[in-house]
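**Q** According to the numbering used here, the sequence shown is numbered sequentially starting from 138.
Glycine is no exception: its CB is placed at the ideal position from the N, C-alpha and C atoms.
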Amino acid sequence: LYILFEKLSTGALKLTDTFSVSEKAWKTKGSKMFVQAGTRVDIENLIKGIATVSGNDACVVAMEGLFGSEEIGAIEMTKKALEIGMKNTVFKNSNGLPDPEHITTCADLATLSKRLIEDFPQYYHYVGEKEFTYNGIKQTNRNTLLGQMGIDGIKTGRTDLAGHGITISAKQKTDV
Numbered sequence: 138l139y140i141l142f143e144k145l146s147t148g149a150l151k152l153t154d155t156f157s158v159s160e161k162a163w164k165t166k167g168s169k170m171f172v173q174a175g176t177r178v179d180i181e182n183l184i185k186g187i188a189t190v191s192g193n194d195a196c197v198v199a200m201e202g203l204f205g206s207e208e209i210g211a212i213e214m215t216k217k218a219l220e221i222g223m224k225n226t227v228f229k230n231s232n233g234l235p236d237p238e239h240i241t242t243c244a245d246l247a248t249l250s251k252r253l254i255e256d257f258p259q260y261y262h263y264v265g266e267k268e269f270t271y272n273g274i275k276q277t278n279r280n281t282l283l284g285q286m287g288i289d290g291i292k293t294g295r296t297d298l299a300g301h302g303i304t305i306s307a308k309q310k311t312d313v
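Spelled out as structure tokens, the structure:
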């Protein structure tokens, strides 16, 4: 999401631009946006698919569209992570699916979250959308805490090794 938001903010991408869906993306396991191989998906729907429903398939489409392959995308993601202050993160894929060399830390996820909020406030609303419909399939956000105690977004994740994880943000309510 950070890289997509960055490309949008510089004008290198528009929300209406489209990327092709490869067979690799379509076959990606885990949470899905349910893209169809051989079709094209616009950037806004890819963002919603990644942010709202943890679409592993959408992540692959985005990295293939931006960099030509998911593998090159992972290298670029790692470079960007270092650039924004994430000191202990190595990406081996676009979506966090298990790979023994794919690592991050809680501190790095906090850094990423902070930078996402500060660098791209105009796109932040995407990480707080409660539902997403694509290809006739309505799905709810995996972050079931949205709307509680001022929680307004960020991202959930899960792997067998790490279990469930979440980075959240909230706006403090003040009495005036």
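Scan the stretch 138-177 and note each continuous beta strand (DSSP E) run of 3 residues or more that stays entirely inside, going in chain order.
**A** Within the stretch 138-177, the complete beta strand (DSSP E) runs of at least 3 residues are 155-157.
**Q** Just mark Thr176 as buried or exposed, buried being the case when its beta carbon has 16 or more other beta carbons within 10 Å.
**A** Here residue 176 refers to the residue found at position 39 when the sequence shown is read from its first residue. Thr176 comes out exposed.
**Q** Among Ile209, Glu238, Ser231 and Asn232, which has the Cα closest to the Cα of Asn225?
**A** Within the sequence shown, the letter at position 88 stands for residue 225. Of the listed residues, the one whose Cα sits closest to Asn225 is Glu238.
**Q** Can you grab the Cα-Cα spacing for the pair Asp179 / Lys308, in whole Å?
**A** The sequence position of residue 179 within the sequence shown is 42, counting from 1. The sequence position of residue 308 within the sequence shown is 171, counting from 1. Taking the straight line joining both Cα atoms gives about 30 Å.
**Q** So if DSSP puts Ser104 in a beta bridge, which residue, or which two residues, is it bridged to?
**A** A question about residue 104 goes unanswered here, because the residues of the chain that appear run from 138 up to 313.
**Q** Please classify Tyr260: does DSSP put it in a helix, a strand, or coil?
**A** Indexing the sequence shown from 1 puts residue 260 at position 123. Coil at Tyr260, not helix or strand.
**Q** Could you name each continuous alpha helix (DSSP H) segment of 4 residues or more that falls completely within the stretch 203-261, going from the start of the chain to the end?
**A** Qualifying alpha helix (DSSP H) stretches, in chain order: 207-220 and 243-256.
**Q** How many Å lie between Thr189 and Thr277 at the Cα?
**A** Locating residue 189 in the sequence shown gives position 52, where the first residue counts as 1. Locating residue 277 in the sequence shown gives position 140, where the first residue counts as 1. About 7 Å.
**Q** Suppose contacts are defined by Cβ-Cβ distances below 8 Å. Is Lys151 in contact with Phe269 by that definition?
**A** One-based indexing of the sequence shown puts residue 151 at position 14. One-based indexing of the sequence shown puts residue 269 at position 132. No. Outside cutoff.
**Q** Helix, strand or coil for Lys267 per DSSP?
**A** In the sequence shown, counting from the first residue as 1, residue 267 sits at position 130. Coil.
**Q** DSSP on Asp179, reduced to helix/strand/coil?
**A** Here residue 179 refers to the residue found at position 42 when the sequence shown is read from its first residue. In this structure, Asp179 counts as strand in the three-state DSSP scheme.
**Q** Check whether the Cβ of Thr242 lies closer than 8 Å to any Cβ atom in chain D.
**A** Annotation note: the requested chain D is absent from the structure, which comprises a single protein chain.
**Q** Between which two residues does the beta strand (DSSP E) containing Gln276 stretch?
**A** Taking the first residue of the sequence shown as 1, we reach residue 276 at position 139. Looking at the DSSP string, the run of the beta strand (DSSP E) that includes Gln276 is Ile274 to Thr277.
**Q** Give the DSSP-derived three-state secondary structure of Gly300 in the structure shown.
**A** Here residue 300 refers to the residue found at position 163 when the sequence shown is read from its first residue. Gly300: strand per DSSP, three-state reduction.
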